[in-house]
Amino acid sequence: MMGMPALHHEEHIQKVRSWTDRVRTVPPSLTTFNKLLIVNCSHIQEKIGPLLNSIEEDVLTLLIEELKLRSENLILELKRAVEGLRLEPTDFNDFTHYASMVKHCVKMSDDMQQQMEHLHSLQETVRTNYRQMTPDELLLEEQMGAETVCQRLPSMADTLDNTFFSLAHGLEKIVTKATSGPYLDPTQNAVQMLNKLKIMCRQVYAVSARLTELSSTSKSLRGNPLDLTFVKHCVKMSDDMQQQMEHLHSLQETVRTNYRQMTPDELLLEEQMGAETVCQRLPSMADTLDNTFFSLAHGLEKIVTKATSGPYLDPTQNAVQMLNKLKIMCRQVYAVSARLTELSSTSKSLRGNPLDLTFVTEARQKMEARKGLAQEKVDEWLQQAVSLARTIPSRDAVLQETLGILGRFNQQLPVLAKLSSPTLKHKHWRNIFKS
């Protein structure tokens, strides 16, 4: 750049400053048009920005050095010319030398004038581009900047809001698509669905990054960031759907790898091995079934015998206690009968014929009959209490307490009857006790 015109230096300075401004306005990240890629631009400002500032400082240093060197050379030439012209000639030879020196100075005057103009232009370039602004100029610059912000803030805010709502609507559409339709159908091809979900997840991340940038811009323009709580929810939903589809894909791959369809020969061999296993183990399984059946049948017979003999036939016994005990035994009878029904189904699977369970029905009928007698006893007590109320004053404390006890117990009988239903299984009792 040494020896170039001042205008050329001016162009280089303006070009470097234009690059610096462009680098300064580059956003931290950019999203591609199809929203598939996010380009990180932060390193541009971190690396190129300082380099451009250094270039501008180097240009200033070169200008000052050139200005200093040219000024010193011009001053040196002028000193030599002045010193030579101050010496008056004394003889012919001196006069000849003096005359030639005068002619040389006349010829060099135009060149020196050009050098002076070049020095002035370089000095003006340095003064214009690198001098420090005065307080008035700085205040004027700030006022112009504030006016520019006030004029353009409404339109910039509208643009920001429109962009925000457009991106938010697009994000909602992507998440809605990823959480509905074929993406909820487990019969779909998991590989294809997973690939599509990955693309949509990248789009979600790109849009969320752009919305985060808009939130920062809103904070700079208005002082408050945008509400991005829905963005976190959308990102989580898309991630969950992708993880779910990856899990489904993994399961399908496991099933495909480990549970492939057998060939006809393999299927025939498997059937033969299964038939041999059944033939070998059938006698022992049948013996176990018979032993279990006879044991349960004997236990059922003992329960029914106990419930239809002894104190349960004595009308003088406490009907409430007898009824509670009978309900317990009824539940035992229904539990044993359910187990016997399961054994009958097992017998049908093993032998082809179910077991004879007619005695089970008779046992249930006997238990219900005994429980009905106890219920009749309670009803008889209530009738007696009502008949006593006709002769005893209604305000009698003993009578009122007796009627209250009988009434409360009578209200509990339907509940107890439902609890003794054969449809109640062990899992129902577990849930009842937990509650």
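Note that the sequence shown ends on residue 434 in numbering that gives the first Met the number 0; no numbers are left out.
Backbone N, C-alpha and C define an ideal beta-carbon position, used for all residues, glycine too.
Here the structure is a predicted model, which is why all the values come from computation and not from measurement.
For residue j and residue i, the rounded distance between their alpha carbons
i, j, result
"arginine 350", "methionine 236", "54 Å"
"arginine 23", "valine 101", "57 Å"
"histidine 11", "valine 58", "9 Å"
"tyrosine 258", "proline 353", "Residue placement at tyrosine 258 is poorly supported in this model, since its pLDDT is 49, which falls under 50; the coordinates are not used for a value here."
"alanine 334", "phenylalanine 229", "54 Å"
"histidine 103", "valine 81", "12 Å"
"alanine 98", "leucine 137", "56 Å"
"leucine 278", "asparagine 430", "Note on residue identity: the sequence assigns cysteine, not leucine, to residue 278. So the two alpha carbons sit approximately 41 Å from each other."
"threonine 175", "lysine 46", "41 Å"
"proline 310", "phenylalanine 292", "29 Å"
"cysteine 200", "glutamine 242", "11 Å"
"proline 152", "glycine 180", "In the sequence as presented, proline is not what sits at residue 152; that position holds leucine. Distance between the alpha carbons of leucine 152 and glycine 180 is about 43 Å."
"asparagine 194", "threonine 127", "60 Å"
"phenylalanine 163", "aspartate 184", "32 Å"
"lysine 67", "serine 120", "13 Å"
"glutamine 13", "isoleucine 43", "20 Å"
"arginine 85", "threonine 95", "15 Å"
"proline 27", "serine 41", "5 Å"
"proline 134", "methionine 143", "14 Å"
"glycine 83", "glutamate 76", "11 Å"
"glycine 222", "threonine 186", "50 Å"
"glutamine 122", "aspartate 109", "20 Å"
"glutamate 146", "methionine 155", "14 Å"
"glutamine 271", "leucine 281", "15 Å"
"cysteine 329", "serine 283", "32 Å"
"glutamate 116", "methionine 107", "14 Å"
"serine 348", "alanine 189", "38 Å"
"leucine 196", "asparagine 33", "15 Å"
"arginine 79", "serine 53", "39 Å"
"histidine 297", "lysine 326", "20 Å"
"asparagine 317", "serine 346", "43 Å"
"leucine 220", "cysteine 149", "10 Å"
"leucine 6", "glutamate 87", "43 Å"
"glycine 48", "serine 17", "12 Å"
"glutamate 341", "aspartate 264", "35 Å"
"tyrosine 182", "serine 249", "16 Å"
"lysine 231", "asparagine 39", "21 Å"
"valine 25", "valine 105", "57 Å"
"aspartate 355", "asparagine 290", "15 Å"
"isoleucine 198", "aspartate 238", "12 Å"
Beta-carbon spacing of residue i, residue j below 7 Å
i, j, result
"methionine 477", "threonine 178", "Since the displayed the chain opens at 0 and closes at 434, residue 477 lies outside it and no answer follows."
"glutamine 112", "leucine 73", "no"
"serine 343", "valine 359", "no"
"glutamate 9", "threonine 89", "no"
"serine 217", "leucine 227", "no"
"isoleucine 37", "alanine 167", "no"
"isoleucine 173", "glutamine 191", "no"
"leucine 35", "serine 70", "no"
"isoleucine 302", "glutamine 320", "no"
"alanine 362", "leucine 322", "no"
"threonine 19", "leucine 62", "no"
"leucine 339", "leucine 267", "no"
"glutamate 56", "valine 15", "no"
"leucine 365", "threonine 304", "Contrary to the premise, residue 365 reads as lysine rather than leucine in this sequence. Not a contact, by the Cβ cut-off of 7 Å."
"leucine 288", "cysteine 233", "no"
8 Å contact criterion, which residue i and residue j should meet: CB distance rounded
i, j, result
"threonine 30", "alanine 205", "5 Å"
Contact test: residue i Cβ vs the ligand MG heavy atom, cutoff 6 Å
i, result
"histidine 246", "For the structure depicted, the ligand MG is absent and the ligand set is empty, with no information on it obtainable."
Residue i at chain D interface by Cβ criterion, 7 Å
i, result
"glutamate 45", "No chain D is part of this structure, which consists of one protein chain only."
Requested in this report: Indicate whether the contact test is met: 3 or more Cβ pairs, each with one atom in the region 152-168 and one in the region 213-221, closer than 8 Å.
Outcome: Segment contact: the region 152-168 against the region 213-221, three or more CB-CB distances shorter than 8 Å; contact assigned.
Query - Inside the region 30-98 only - beta strand (DSSP E) runs reaching at least 3 residues - result: Taking only runs of at least 3 residues, the beta strand (DSSP E) segments lying wholly in the region 30-98 are 37-39.
Query raised in the report: Which whole runs of the alpha helix (DSSP H) in the region 152-225 are 4 residues long or more, in chain order?
Result: As far as the region 152-225 is concerned, its whole alpha helix (DSSP H) runs of at least 4 residues are 189-221.
Report task. Would you list, in sequence order, the uninterrupted alpha helix (DSSP H) runs of no fewer than 4 residues that lie entirely inside the region 292-364? Result -> Segments of the alpha helix (DSSP H) lying fully in the region 292-364: 318-350.
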